[in-house]
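Visitor:
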Amino acid sequence: MPPDRLAAPSDPHALRHALGRFATGVTIVTTLAPDGHPIGLTVNSFNSLSLDPPLVLWSLRRSSPSLAAFRAAPRFAVNVLAESQIELSRSFASKVAHRFADGPWRRGDDGVPVLSGAAACFLCETASHQEAGDHELFIGRVLHMSDSHEPPLLFQGGRYRRLGPVL
Ligand SMILES: Cc1cc2nc3c(=O)[nH]c(=O)nc-3n(C[C@H](O)[C@H](O)[C@H](O)COP(=O)(O)O)c2cc1C
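All residue numbers for the sequence shown refer to my numbering, where the first residue is 1066 and numbers rise by one.
1. As a quick exercise: from Pro1178, Leu1122, His1102 and Cys1189, pick the residue whose alpha carbon is nearest that of Gln1195.
2. Using 8 angstroms as the cut-off, can you tell me whether the segment 1183-1195 makes contact with the segment 1206-1220, which would need three or more C-beta pairs spanning the two stretches below that distance?
3. If you draw a straight line from the alpha carbon of Ala1142 to that of Val1177, how long is it in whole angstroms?
4. Compute the distance between the beta-carbons of Ala1184 and Val1145, then report whether it is under 7 angstroms.
5. So the alpha helix (DSSP H) Ser1154 belongs to, where does it begin and stop?
6. Counting only runs of 3+ residues fully inside the segment 1116-1177, write out the beta strand (DSSP E) ranges in chain order.
7. Is any heavy atom in ligand 1 found nearer than 6 angstroms to the beta carbon of Thr1092?
8. Distance check for Ala1072 and Val1094, CA to CA, integer angstroms please.
9. Arg1028 by DSSP, collapsed to three states: which one?
10. Quick check: Glu1249 and Arg1227, are their CB atoms within less than 7 angstroms of each other?
11. What whole-angstrom Cβ distance do Gly1085 and Gly1223 have, given they're in contact under 8 angstroms?
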């Protein structure tokens, strides 16, 4: 498609390709299932939404087996991955049975899993969730956070990337 020509997003492949031009970080969003099991998946739809009050958002595909647990959860954590955590990202995006076996983690407030070594972490209270097309949009109010100097893992064009020099 010529770059300056606008067209309807009728081709899913072209839509996915154009959306992939947008560079993001990579997170693992975690929560505790009603049966006490830790749940988590790799997510790059995370973004900041508001500073006052402190709100963040992310979206989960509605066919996910984790949907019911996230809908029911009063809290979730957004673990912003460091560059060194690329294997963790792959694992939490795969069908492996025990995603939490791969890296150290602990239980934060209300037992929500918090991953060790993340670039940052936002422990959130679920403020709202709503259907949005084939995804569910979650908005969280940040209750606690941590920060670090770890370089973040990036994702763009369907590939993992690292920070380059400052422009
Ligand atoms: C870099 C990256 C970003 C992703 N972002 C999302 C996302 O924002 N929302 C989502 O539902 N799935 C996303 N996925 C896909 C899920 O991680 C993957 O489908 C995972 O298996 C879902 O876990 P579940 O089977 O428990 O639903 C992403 C995958 C990768 C590799």
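Quick reminder that beta carbons are idealized off the backbone N, C-alpha and C, glycines included.
Guide: Quick answer:
1. To locate residue 1195, count along the sequence shown from 1; it is residue 130. Nearest C-alpha to Gln1195: Leu1122.
2. yes
3. In the sequence shown, counting from the first residue as 1, residue 1142 sits at position 77. In the sequence shown, counting from the first residue as 1, residue 1177 sits at position 112. Ala1142 and Val1177: Cα-Cα distance of roughly 7 angstroms.
4. Along the sequence shown, read from residue 1 onward, the residue named residue 1184 stands at position 119. Along the sequence shown, read from residue 1 onward, the residue named residue 1145 stands at position 80. For Ala1184 and Val1145, yes; Cβs fall inside 7 angstroms.
5. The residue given as residue 1154 occupies position 89 in the sequence shown. Segment Ile1151 to Phe1157, the alpha helix (DSSP H) holding Ser1154.
6. 1120-1126, 1140-1145 and 1170-1172
7. Counting from one through the sequence shown, the residue named residue 1092 turns up at place 27. Flag unset: Cβ of Thr1092 not near ligand 1.
8. For the purposes of this step, residue 1094 is taken as the residue at position 29 of the sequence shown. For the purposes of this step, residue 1072 is taken as the residue at position 7 of the sequence shown. Whole-angstrom Cα-Cα distance: 34 angstroms.
9. Lying outside 1066 to 1232, the shown extent of the chain, residue 1028 is not represented and no answer is given.
10. Nothing can be reported for residue 1249, as the shown portion of the chain is limited to 1066 through 1232.
11. Taking the first residue of the sequence shown as position 1, residue 1085 is located at position 20. Taking the first residue of the sequence shown as position 1, residue 1223 is located at position 158. With a Cβ gap of about 5 angstroms, Gly1085 and Gly1223 count as contacting.
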